[in-house]
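Basically this note's numbering = 1-based index in the sequence shown + 3.
C-beta atoms are modelled at their ideal positions from N, C-alpha and C, and glycine is treated no differently.
Keep in mind that this is a model prediction, so the values were computed, not measured.
Below is one structure, written out as structure tokens; comments come after it.
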Amino acid sequence: MAPCTAPISGRPTRAATSTSSLARAASPSRRSTETMKVGLFDHVEHGGRPLATLFDERLTFAKAADAAGIYCLHVAEHHATPLNMVPVPGVYLGAVARATRRMRLGPLVYLLPLYSPLRLIEEICMLDHLSYGRLEVGVGRGISPFELKYHRIEHDESRDIFIDAFACIGAGLVADRLSYSSKRFSYDDVPIALRPLQQPHPAFWYGSSNTIGSTWAGERGLHFVTLGPMPTAKANIDAFKEALAKRGSAAQPKAEFRGGAAIGVQRHIFLADTEEEARRFAKPAMDAHLANLNWLRDMHGVTGLVSRLNVPRGADYEACVADRTVIAGTPDQVCAEIERQVDELGINYLLAYLFLGTMSLNEALRSLALFATEVMPRLASL
4 MAPCTAPISG
14 RPTRAATSTS
24 SLARAASPSR
34 RSTETMKVGL
44 FDHVEHGGRP
54 LATLFDERLT
64 FAKAADAAGI
74 YCLHVAEHHA
84 TPLNMVPVPG
94 VYLGAVARAT
104 RRMRLGPLVY
114 LLPLYSPLRL
124 IEEICMLDHL
134 SYGRLEVGVG
144 RGISPFELKY
154 HRIEHDESRD
164 IFIDAFACIG
174 AGLVADRLSY
184 SSKRFSYDDV
194 PIALRPLQQP
204 HPAFWYGSSN
214 TIGSTWAGER
224 GLHFVTLGPM
234 PTAKANIDAF
244 KEALAKRGSA
254 AQPKAEFRGG
264 AAIGVQRHIF
274 LADTEEEARR
284 FAKPAMDAHL
294 ANLNWLRDMH
304 GVTGLVSRLN
314 VPRGADYEAC
324 VADRTVIAGT
334 PDQVCAEIER
344 QVDELGINYL
354 LAYLFLGTMS
364 LNEALRSLAL
374 FATEVMPRLA
384 SL
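Now the structure itself:
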């Protein structure tokens, strides 16, 4: 499969020259034999930069991650909040696809209640070809009731809409003509002119912060990622595993993951040569990130919708370190904590959040370089 080598327009940066050392840390043989995979997660927060600068920096970071041997870049979708500057993730992922060679990529997640299933089928097919078959499709209902409300979607109805849309999209991705009828969607013998490159279609992923969603994902054999403090993450992973075991296997098994299904946890990770240096940029970055996470809730004040944002999270950097959703320090410290969490949670996939909040591009690239050269090789044997 020939990779695209289209250049990124814009000014060259010092950061762009740092990928050679990262590439040496990710030989093709290592990529093919690792059982413990590492991906990246990104909200693409505002960060106080002009948007053009923000996007240029993220593309530079994506190129470095690709050279480092990162398995996949997963991008969130949010609306009307500084937490996310890529509310149309397909456009952003199209740019990332043309800037990278090997790293897989995808939304985590497409908010299905906000989409026409037919239009999203076409977008998935386009992105799969733009990336030369590297697309991974995360799907979900949307965690923020405020964002759904802006689009005239009631939170109480969003789960049923999501399940209906997911069924319709799944049918359309494997059909030459789409016929589908439900309470919300009706397609009568619609020609599907685009086909995905991966057959039968790119794999579906699901991210969940609760056991209900985790069980649903396991019952359908999707690839799975969760988050939150250790007790919450453990409960979600156990619920997913139990449901998957009853099903028997993943719907689209991946040989690179032990057992065929990706089972992961998302963690905010900050690395530096010393613990003090890691804390220096991690604390303001994490506090800004938490402010962005809470921005819509704080703007709306106490309403009935607030109670639905029930994702457990620390109130500040120190609380997140204590609940182990933040891992910060030297490579040895970070690696030791990741190893403990892998053992306690029973995961085969780590979703590292390395570039967030107020972090500069150079801080993120340095953290990535340390992670790729001093942590990832040690995780390969887990």
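Environment of residue 137 [buried if 16+ CB atoms lie within 10 Å]: Stepping through the sequence shown from its first residue, residue 137 is reached at position 134. So residue 137 counts as buried.
Integer-rounded CB distance, given that residue 48 should sit under 8 Å from residue 359: Along the sequence shown, read from residue 1 onward, the residue named residue 359 stands at position 356. Along the sequence shown, read from residue 1 onward, the residue named residue 48 stands at position 45. That pair is a contact at about 6 Å.
Status (buried if at least 16 other CB within 10 Å, exposed otherwise) for residue 54: What you label residue 54 is simply residue 51 of the sequence shown in a count that begins at 1. By the 10 Å Cβ count, residue 54 comes out exposed.
Backbone CA spacing between residue 165 and residue 144 [nearest angstrom]: As a position in the sequence shown, residue 165 is number 162, starting the count at 1. As a position in the sequence shown, residue 144 is number 141, starting the count at 1. Cα to Cα, residue 165 sits roughly 5 Å from residue 144.
Alpha carbon of residue 72 to alpha carbon of residue 214, nearest angstrom: If you number the sequence shown from 1, residue 72 lands on position 69. If you number the sequence shown from 1, residue 214 lands on position 211. Roughly 31 Å separates the two Cα atoms.
Which of helix, strand or coil DSSP assigns to residue 269: Along the sequence shown, one-based indexing puts residue 269 at 266. Three-state result, residue 269: strand.
DSSP state of residue 374 mapped onto helix, strand, coil: The residue given as residue 374 occupies position 371 in the sequence shown. Residue 374 falls in the helix class under three-state DSSP.
Candidates 298, 227, 382, 272, of which the one nearest residue 140 by Cα: Counting from one through the sequence shown, the residue named residue 140 turns up at place 137. Closest by alpha carbon: 227.
Exposure of residue 182, with buried meaning 16 or more beta-carbon neighbours within 10 Å: Within the sequence shown, residue 182 is the residue found at index 179, counting from 1. Exposed, by the Cβ-count rule.
Stretch-stretch touch, CB-based, cutoff 8 Å, three pairs: the stretch 124-131 with the stretch 167-179: yes
Whether residue 352 touches residue 272 by CB criterion (8 Å): The residue given as residue 352 occupies position 349 in the sequence shown. The residue given as residue 272 occupies position 269 in the sequence shown. No; because the gap between Cβ atoms is not below 8 Å, this pair is not in contact.
Residue 97 versus residue 118: straight-line alpha-carbon distance, rounded: Locating residue 97 in the sequence shown gives position 94, counting from the first residue. Locating residue 118 in the sequence shown gives position 115, counting from the first residue. The straight-line gap from Cα to Cα measures roughly 18 Å.
Helix, strand or coil at residue 87 [DSSP, three-state]: As a working mapping, residue 87 is identified with position 84 in the sequence shown. In this structure, residue 87 counts as coil in the three-state DSSP scheme.
Separation of residue 188 from residue 259, as counted between CA atoms: Taking the sequence shown and counting its residues from 1, the one referred to as residue 259 is at position 256. Taking the sequence shown and counting its residues from 1, the one referred to as residue 188 is at position 185. Roughly 36 Å between the two C-alpha positions.
Meets three-Cβ-pair contact criterion under 8 Å: the stretch 62-71 and the stretch 103-115: yes
Cβ-based burial, residue 184 [other Cβ within 10 Å; buried from 16]: Here residue 184 corresponds to residue number 181 of the sequence shown, with the count starting at 1. Exposed, because fewer than 16 other Cβ atoms sit within 10 Å of the Cβ of residue 184.
Every unbroken alpha helix (DSSP H) within the stretch 140-171, with a cutoff of 4 residues, ordered by chain: 148-153
Exposure of residue 384, with buried meaning 16 or more beta-carbon neighbours within 10 Å: By 1-based counting over the sequence shown, the position of residue 384 is 381. Classification of residue 384: exposed, given that the 10 Å Cβ count is below 16.
Distance between residue 87 and residue 276 (C-alpha atoms, nearest Å): As a working mapping, residue 276 is identified with position 273 in the sequence shown. As a working mapping, residue 87 is identified with position 84 in the sequence shown. Taking the straight line from one Cα to the other gives about 30 Å.
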